[in-house]
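> Below is a structure I'd like to ask you about.
Protein chains: 2
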Amino acid sequence: MAIQLHQTQRLDQAFAALADPTRRAILSRLAVGEATVTELMAPFALTQPTISKHLKVLEDAGFIERGRDAQRRPRRLVAPALHDVSDWLEPFRRQWEARLNNLDHHVTNLNKEGD
Amino acid sequence: MAIQLHQTQRLDQAFAALADPTRRAILSRLAVGEATVTELMAPFALTQPTISKHLKVLEDAGFIERGRDAQRRPRRLVAPALHDVSDWLEPFRRQWEARLNNLDHHVTNLNKEGD
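Chains as they are written, first to last, in my numbering: chain P, 1 to 115; chain X, 1 to 115.
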């Protein structure tokens, strides 16, 4: 029960963190490779306090962490956190694909009947 | 550009709607089949105004719609909206799987060396 509650709060935090275009763009950038705060500032035309705030939200959600280089303090992606979010969506994705397959099957049958 | 902005706002709204455990539970319930507001109230032990507020958020995010029965006004899932969210996560999921495969490959090689 405690684990389930923890997981629920983690998902709340994860989805809330993803509900912002800058934070999603930062994650997409970090998917290519780690980057320092300075490196992240340029493409997003954001001030350091703003980007730091976004990075804190992503860090708290477990999406990113600080790399090993103590001088540069690069941020990098923690893949498993996004995997949890993806896992939650999996049954919906499967249902949607099953529906598309049924539709496809239906159209094929209609075409056969038309022959 | 207008389409891109629209899509960005849709994703913001979609992720924000998913950042709540009751709303995620409502979506999971509706994945099984359509349900009226009364039917949704019972399992969640929520008042009608509270559940209506959650349903409005899910409707605005494009996740649910009202069914054809004008009397019962059942709510039902709109699958494509969740598919958009799943699509956004797809590159991260693929990267994560590639990493797991690499790890698997690495472990297999280590085992071979150990033979």
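Ideal Cβ placement from N, Cα and C applies to all residues, glycine included.
Note that the structure is a prediction, hence the values are computed from the model and not measured.
Name the chain P residues whose beta carbon is nearer than 7 Å to that of residue 84 (chain X)?
Ordered by position in chain P, no residue passes the 7 Å Cβ test against residue 84 (chain X), which lies about 10 Å from the chain.
> Could you list which residues in chain P have their beta carbon closer than 7 Å to that of residue 20 (chain X), in chain order?
Near residue 20 (chain X) (Cβ distances below 7 Å), the residues of chain P are 12.
> If you count every other CB in all the chains shown that lies within 10 Å of the CB of residue 42 (chain P), and 16 or more means buried, which is it?
So residue 42 (chain P) counts as exposed.
> Compare the C-beta of residue 103 (chain P) with all C-beta atoms of chain X and state if any pair is closer than 8 Å.
Taking Cβ atoms only, chain X never reaches closer than 8 Å to residue 103 (chain P), which makes this a no.
> For residue 76 (chain X), which residues does DSSP report across the bridge?
Answer is X:65, bridged to residue 76 (chain X).
> To the nearest angstrom, how far is it from the Cα of residue 117 (chain X) to the Cα of residue 113 (chain P)?
The question about residue 117 (chain X) has no answer here: the residues shown for chain X are numbered 1 through 115.
> Can you give me the C-alpha to C-alpha distance between residue 44 (chain X) and residue 9 (chain X), rounded to a whole angstrom?
Taking the straight line from one Cα to the other gives about 29 Å.
> Residues in the same chain with beta-carbon distance under 8 Å from residue 11 (chain P), minus the five sequence neighbours each way, listed in chain order, please.
Excluding residues within five positions, the ones whose Cβ falls inside 8 Å are 84, 85 and 88.
> Strictly below 9 Å CB to CB, what residues from chain P border residue 92 (chain X)?
Under the 9 Å cutoff, chain P gives 27, 28, 31, 77, 79, 82, 83, 85 and 86.
> Counting contacts by CB-CB distance shorter than 8 Å, is residue 8 (chain P) in contact with chain X?
Interface residue, yes.
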